[in-house]
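Enquirer: Residue numbers (numbering that gives the first Met the number 0), protein chains in the order written: chain A, 0 to 394; chain B, 0 to 99.
Glycine is no exception: its CB is placed at the ideal position from the N, C-alpha and C atoms.
Structure provided below as structure tokens; questions to follow.
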Amino acid sequence: MAIRDRLSGNEAVSYAIKQINPDVMPAFPITPSTEIPQYVSSYIANGAIDTEFIPVESEHSAMSAAVGASAAGARVLTATSSCGLALMFEELYVAASNRLPIALALVNRALSGPININCDHSDSMGARDTGWIQIYSENNQEAYDNFLQAYRIGEHPDVHLPVMVCQDGFITSHAVENIELLEDEKVKAFVGDYEPDHYLLNAKEPMAVGPYAVSNYYMETKKAQTEAMKRARDVILNVGKEYEKLTGRTFGFFEEYRTEDADYIIIIIGSGAGTTKEAVDRLRAEGKKVGVLKLRVFRPFPEEEIAAAVKNAKAVAILDRCEGFNAHGGPVGAEVMAALYQARVHIEVRNYIYGLGGRDYRVEDAMDVFDDLEGLVNGTKEVELYPYIGLRAKG
Amino acid sequence: MSFDIKNITEKSPWQDITEGNHIYDGGTSRDFNTGEWRTDTPVFKKELCTQCLLCAPVCPDSSIPVKDGERLDFDLDYCKGCGICAQVCPFNAIEMREGK
């Protein structure tokens with residue numbers, strides 16, 4: 000029987016960490032992820048787990064220590080947000096290229112500047128090409144569920160890549176909701192022990208990690224790394240299926256909510272999906288054929304599956320909680336549109352920017368987007384290619 | 000399967016590159032002639048050498064072989080020409096020459 004509780008997103012991830020009892024956690028506090036190392040420190044102080052907590056002087060050091068501990072053979076994690084992730088930028092690449100299955104609990108927060116502590120996805124989207132697997136959570140339950148699956152994915156012999164599990168700052172991390180937790184023994188059995196084939200502390204096998212790769216080796220190394228990212232697709236799906244057997248909850252690359260016959264679909268990441276589902280329910284009650292595709296896995300990017308999922312729609316709105324500054328949209332928009340082009344899916348698409356720096360995204364906003372799409376297809380409305388939601392503007 | 004760094008070469012396809020370029024062996028620097036990088040070369044003047052042996056321990060690599068308490072001529076396979084040995088020698092028994 001699952002344990003029913005009420006937890007915030009940060010509490011949920013910390014509880015997952017407690018149940019896994021990883022070997023090493025280097026971390027530096029930054030809002031809104033600070034509570035995670037705080038809760039884990041309490042678990043350690045109370046003797047509930049024996050994780051080695053390393054208080055470091057910066058996030059640059061946090062990820063450096065994580066790389067070192069992981070190369071040594073430990074199961075490692077850290078937690079951060081926003082500028083903390085930005086300060087890890089160099090080591091994020093090092094962790095991935097050294098094929099170290101580190102887990103990172105990311106609590107999404109806007110990047111400076113202007114300085115802002117609230118939610119958007121500019122931090123993790125900035126790290127989208129670092130070679131980390133990225134999994135996004137809609138609510139506290141998913142933050143917990145996704146974190147429990149992280150090591151199974153990253154440590155899989157076909158993968159060996161670090162995994163970032165993201166949840167929305169404050170909206171998910173600090174809001175308390177009902178949650179179903181697994182029993183400790185079920186978590187232990189599911190996650191299993193970490194037994195790396197090669198590790199620095201193995202006295203029987205001397206080893207070097209991170210050697211210099213001249214031009215004659217660098218491209219081959221990067222190709223091998225990207226193939227691991229491709230193989231992660233099957234592993235993510237298989238781990239999701241195994242977790243579903245344990246919990247009854249389904250985990251794929253994305254969740255399709257009332258999209259089966261939908262003419263208009265919103266593609267969105269994170270907590271905004273819940274808001275959009277409410278808009279879908281209200282519009283469905285009026286007979287509108289609308290749905291949501293909530294993207295869970297952004298790295299590796301499930302381009303064929305997304306294209307197949309929306310190909311029968313008349314119009315799609317891709318909502319980005321991150322400005323791309325390429326002057327034509329956000330990162331999710333760019334990738335989804337590339338996927339649609341490759342799959343020869345030629346439908347109306349608009350790329351909205353919403354929720355930057357914690358700006359509210361309301362049910363009415365989602366309903367307006369669906370109205371835009373319908374008007375666009377019916378020829379009764381002109382919609383620019385790249386609108387902002389909830390923006391104050393003249394005229 | 001035993002690992003041999005020499006099996007990975009500049010002709011190896013990407014499938015044969017180890018994960019993360021990890022090297023599953025120790026002391027593999029012996030297999031690489033890093034002396035190729037050298038732009039200046041130390042010249043050993045045996046007639047000035049008193050065998051004080053200040054030079055051997057300051058060599059950052061292993062380019063000054065010592066046998067039976069006496070230093071021998073340079074092993075240039077690993078010497079990058081840093082010149083520390085020439086700086087430390089009190090008897091001008093090591094001279095730095097331009098080029099390989």
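(1) Does any residue of chain B have a CB that is nearer than 8 Å to the CB of tyrosine 216(A)?
(2) Are the Cβ atoms of leucine 105(A) and glycine 125(A) separated by less than 8 Å?
(3) Can you pull out the residues from the region 281-297 of chain A whose beta carbon lies closer than 7 Å to at least one beta carbon of chain B?
(4) When you compare the CB positions of proline 36(A) and alanine 47(A), do they come within less than 8 Å of one another, or not?
(5) Enumerate, from N- to C-terminal direction, the unbroken alpha helix (DSSP H) stretches of 4 or more residues contained entirely within the region 27-93 of chain A.
(6) Taking the CB atoms as reference points, tell me whether glycine 168(A) and arginine 108(A) lie closer together than 8 Å.
(7) Which residues, in chain order, does the region 19-46 of chain B contribute to contact with chain A at a C-beta distance below 9 Å?
(8) How many Å lie between glycine 395(A) and glutamate 176(A) at the Cα?
(9) Determine the burial state of methionine 163(A): buried for a count of at least 16 other Cβ atoms within 10 Å of its Cβ, exposed for fewer.
(10) For serine 63(A), tell me which candidate among Leu199(A), Tyr92(A), Thr274(A) has the shortest Cα-Cα distance.
(11) How do the region 151-162 of chain A and the region 187-199 of chain A stand: do at least 3 beta-carbon pairs fall below 8 Å, yes or no?
(12) For chain B, is any of its Cβ atoms less than 8 Å away from the one on glutamate 219(A)?
(13) Mind checking glutamate 9(B): buried by the 16 CB within 10 Å criterion, or exposed?
(14) If contact means a Cβ-Cβ distance below 8 Å, which residues of the region 58-88 of chain B contact chain A?
(15) What do you reckon, are the CB atoms on phenylalanine 436(A) and methionine 87(A) nearer than 8 Å?
(16) Run through the DSSP bridge pairs and tell me what lysine 66(B) is partnered with.
(17) Going by DSSP, what residue range makes up the beta strand (DSSP E) through asparagine 177(A)?
(18) List the residues of chain A that serine 1(B) touches, going by C-beta distances under 9 Å, in chain order.
(19) Using the beta-carbon of each residue, which ones in chain A are nearer than 8 Å to glutamate 111(B)?
(20) Can you list the beta strand (DSSP E) stretches of 3 or more residues lying completely in the region 329-384 of chain A, in chain order?
(21) For serine 60(A), which option in Ala73(A), Gly83(A), Asn45(A), Tyr14(A) has the closest C-alpha, if you only look at C-alpha atoms?
(22) Give every residue of the same chain whose Cβ lies closer than 8 Å to the Cβ of arginine 5(A), excluding the five residues on either side of it in the sequence, and list them in chain order.
(23) Counting only the same chain and skipping the five closest in sequence on each side, list residues whose C-beta sits under 6 Å from that of glycine 238(A).
(24) Can you give, in chain order, each stretch of the beta strand (DSSP E) that sits fully within the region 182-242 of chain A and has at least 3 residues?
(25) What in chain B is Cβ-close to glutamate 204(A), meaning under 7 Å?
(26) Expressed to the nearest angstrom, what Euclidean distance is found between the alpha-carbon atoms of valine 331(A) and phenylalanine 300(A)?
(27) Are any of the Cβ atoms in chain C nearer than 8 Å to that of alanine 65(A)?
(28) Buried or exposed, going by whether 16 or more other CB atoms sit within 10 Å of the CB of serine 62(B)?
Expert: On the basis of the supplied data:
(1) yes
(2) no
(3) none
(4) no
(5) Taken in chain order, the whole alpha helix (DSSP H) runs of length 4 or more contained in the region 27-93 of chain A are 34-44, 58-71, 81-86.
(6) yes
(7) Residues Gly19, Asn20, His21, Ile22, Tyr23, Asp24, Gly25, Gly26, Thr27.
(8) What the structure shows of chain A is the stretch from 0 to 394, and residue 395(A) is not part of that stretch, so it cannot be assessed.
(9) buried
(10) Distance check between serine 63(A) and each of Leu199(A), Tyr92(A), Thr274(A) places Tyr92(A) closest, using alpha-carbon atoms only.
(11) yes
(12) True, the Cβ-Cβ gap to chain B drops below 8 Å.
(13) exposed
(14) none
(15) Because chain A in this structure spans residues 0 to 394, residue 436(A) falls outside the shown range and cannot be described.
(16) Glu69(B)
(17) Counting along the chain, the beta strand (DSSP E) containing asparagine 177(A) begins and ends at 176-180.
(18) None at all; the shortest Cβ gap to chain A is about 11 Å.
(19) No statement about residue 111(B) is possible, as the shown extent of chain B runs from 0 to 99 and does not include it.
(20) 347-352
(21) Gly83(A)
(22) Val175, Glu176, Asn177, Ile178
(23) For the sequence presented, residue 238(A) should be read as valine rather than glycine. Result list for valine 238(A): Gln148, Arg151, Ile152, in chain order.
(24) none
(25) Tyr23
(26) 10 Å
(27) The structure shown has no chain C; the protein chains it does contain are A and B.
(28) Buried: at least 16 other Cβ atoms inside 10 Å.
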